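A quick write-up on the structure given underneath.
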Amino acid sequence: MLRNTDVPTYLTYGRTAKTDDIGSVHIEKVMDRRSLHNGHVAAHQHTQLVQLCQWTSGGGTYAIDDRIIPFTAPTFVFMPTQVVHGFDVLDGSDAIVISLKDAEMTTSSFFRSPPYRDTLILNGSESPRPSPLITTLMEAGYDRYRQNPATAEGVVCGLANAILAEAATLARMQDSKATRPADHRIADLIEMHFRDSWSVSEYARQLGCTPYQLNAMARTTCGHSLKRLISDRRLLESKRLLAFTIRPIETIAAEIGLPDPAYFSRFFHRLTGLSPRDWRRQWLEKTAHPSTDAPPNTFL
35 MLRNTDVPTY
45 LTYGRTAKTD
55 DIGSVHIEKV
65 MDRRSLHNGH
75 VAAHQHTQLV
85 QLCQWTSGGG
95 TYAIDDRIIP
105 FTAPTFVFMP
115 TQVVHGFDVL
125 DGSDAIVISL
135 KDAEMTTSSF
145 FRSPPYRDTL
155 ILNGSESPRP
165 SPLITTLMEA
175 GYDRYRQNPA
185 TAEGVVCGLA
195 NAILAEAATL
205 ARMQDSKATR
215 PADHRIADLI
225 EMHFRDSWSV
235 SEYARQLGCT
245 PYQLNAMART
255 TCGHSLKRLI
265 SDRRLLESKR
275 LLAFTIRPIE
285 TIAAEIGLPD
295 PAYFSRFFHR
305 LTGLSPRDWR
315 RQWLEKTAHP
325 STDAPPNTFL
């Protein structure tokens, strides 16, 4: 469990140099860096890279934002930029990891759709297992990169398109609203301004509609009112800060746009049933003593 004031930001795990140092594409296996992490990758985020990860053996647990997710191979994970994540895995676990410059993905309109702005996991639990096609394409990318990294970029980016298209088809994204442009625009605006205490009218003005139209759009495309969506985003950010930093609660309250600590505590309790302090304590206890009942290793 991370104890530093801030969540570290990496390119590939453990590397903080400029993205240009690794080019637009980088592929490796998780256990290539075993000496660095020994199966425990602490919470971190990537601001410039997206990652495609195919677990080919073993299993363990992911920590993604405020969630603990158990998994066994085969499991596929797509990790977009700026998502706090880490994992603990059993001996014998390994995965292929394709890291791509975010710009390489966003040049295609396909990757600007919401499915590729959110974490996507295919683990056979709440979603299907990854298909043999995903496994084949991930292995093809790894083999091509090993042959000559300097000439692999075009091939790997093409494979990444195919892998994510297949992953989206398998998952079916579980909610048709994810494909609607209105959902995209609302999410973008909330991401930019959830800390700013904007009124619904201010959001509506930016989107060129009335507050009534905006709330109707939000309910249709996202399933909730705009205020609820803003609250959900503030809650997620507060959980990230409680879990992965040691900042005081009053500082966290101010950072998410609720500068009154008492009001923030009521807000947090209303949505979680716990005070911020109790939630942080439970999180620390849960991550300090992860479950040891992980299933045995399975291999593709």
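Start counting the sequence shown at 35; every next residue gets the next number (my numbering). C-beta atoms are modelled at their ideal positions from N, C-alpha and C, and glycine is treated no differently. All figures in this text were calculated on a predicted structure; none of them were measured in a lab.
{"Item": "Apart from the five residues just before and just after M251, which ones in its own chain have a Cβ nearer than 6 Å to its Cβ?", "Value": "A216"}
{"Item": "Terminal residues of the continuous beta strand (DSSP E) containing R163?", "Value": "No beta strand (DSSP E) holds R163; DSSP gives it neither H nor E."}
{"Item": "Using the DSSP secondary-structure output, state which residues sit across from K135 in a beta bridge.", "Value": "L83"}
{"Item": "Excluding the 5 residues flanking K320 on each side, which residues of the same chain have their C-beta closer than 7 Å to its C-beta?", "Value": "I102"}
{"Item": "To which residues of the same chain is F333 closer than 6 Å at the C-beta, ignoring the five residues directly before and after it?", "Value": "Unreliable placement is indicated for F333, whose pLDDT of 24 sits below 50; no coordinate value is reported for it."}
{"Item": "Which of helix, strand or coil does DSSP assign to G120?", "Value": "strand"}
{"Item": "For F110, decide whether its Cβ has a neighbour in chain D, counting only Cβ atoms nearer than 8 Å.", "Value": "No chain D appears in the structure shown, which is made up of a single protein chain."}
{"Item": "Can you tell me the Cα-Cα spacing of P114 and S133, whole angstroms?", "Value": "10 Å"}
{"Item": "Just to confirm, are T153 and F105 a CB contact at a threshold of 8 Å?", "Value": "no"}
{"Item": "Of all the alpha helix (DSSP H) runs that stay within the bounds of the stretch 249-287, which reach a length of 4 or more residues?", "Value": "260-278"}
{"Item": "With distances taken Cα to Cα, identify the nearest neighbour of I197 among V234, I130 and S233.", "Value": "I130"}
{"Item": "So, at 7 Å on beta carbons, what are the nonlocal neighbours of A186 in its own chain, with the 5 sequence-adjacent residues on each side left out?", "Value": "V59, R178 and Y179"}
{"Item": "Short of 6 Å in beta carbon distance, which residues of its chain neighbour E271, apart from the five on each side in sequence? Order them along the chain.", "Value": "I290"}
{"Item": "Taking the Cβ atom as the reference point for each residue, do V118 and R274 lie within a distance shorter than 8 Å?", "Value": "yes"}
{"Item": "Can you round the beta-carbon distance between Q82 and D136 to whole angstroms, since I take them to be within the 8 Å contact cut?", "Value": "6 Å"}
{"Item": "If you draw a straight line from the C-alpha of P108 to the C-alpha of A194, how long is it?", "Value": "18 Å"}
{"Item": "Considering just the uninterrupted stretch of the beta strand (DSSP E) at F105, what are its terminal residues?", "Value": "R101 to T106"}
{"Item": "Please work out which residues of its chain come closer than 7 Å, Cβ to Cβ, to M226, disregarding the five sequence neighbours upstream and downstream, and give them in chain order.", "Value": "none"}
{"Item": "Rounding to the nearest angstrom, what Cα-Cα distance links I283 and A277 in this structure?", "Value": "11 Å"}
{"Item": "Answer with buried or exposed for D128, where buried requires no fewer than 16 other C-beta atoms within 10 angstroms of its C-beta.", "Value": "buried"}
{"Item": "Report all residues from its chain with a CB closer than 6 Å to the CB of P164; omit the five preceding and five following residues, and keep chain order.", "Value": "P108, F110 and L156"}
{"Item": "What three-state label does DSSP hand W313 in the structure shown?", "Value": "helix"}
{"Item": "For E280, does the count of other Cβ atoms within 10 angstroms reach 16, so buried, or fall short, so exposed?", "Value": "The sequence given here has Ile at residue 280, not Glu. I280 should be labelled exposed."}
{"Item": "Given a cut-off of 8 Å, decide if V123 and G158 are closer than it, judged by their beta-carbon atoms.", "Value": "no"}
{"Item": "Please report the distance separating the alpha-carbon of Q316 from that of P310.", "Value": "10 Å"}
{"Item": "What number of angstroms, rounded off, separates the C-alpha of G192 from the C-alpha of D230?", "Value": "39 Å"}
{"Item": "If I'm right that F121 touches V75 with Cβ under 8 Å, what's the distance once you round it to whole angstroms?", "Value": "5 Å"}
{"Item": "Return yes when the C-beta of T115 is under 7 Å from any heavy atom of the ligand MG, and no when it is not.", "Value": "As presented, the structure is devoid of all ligands, the ligand MG included, so that no description of it is given."}
{"Item": "Ignore the nearest five residues each way along the sequence and tell me which others in S161's own chain have a CB closer than 6 Å to its CB.", "Value": "A205"}
{"Item": "In the structure shown, what three-state DSSP assignment does T170 receive?", "Value": "helix"}
{"Item": "Across which residues does DSSP place W89 in a beta bridge pair?", "Value": "T109 and A129"}
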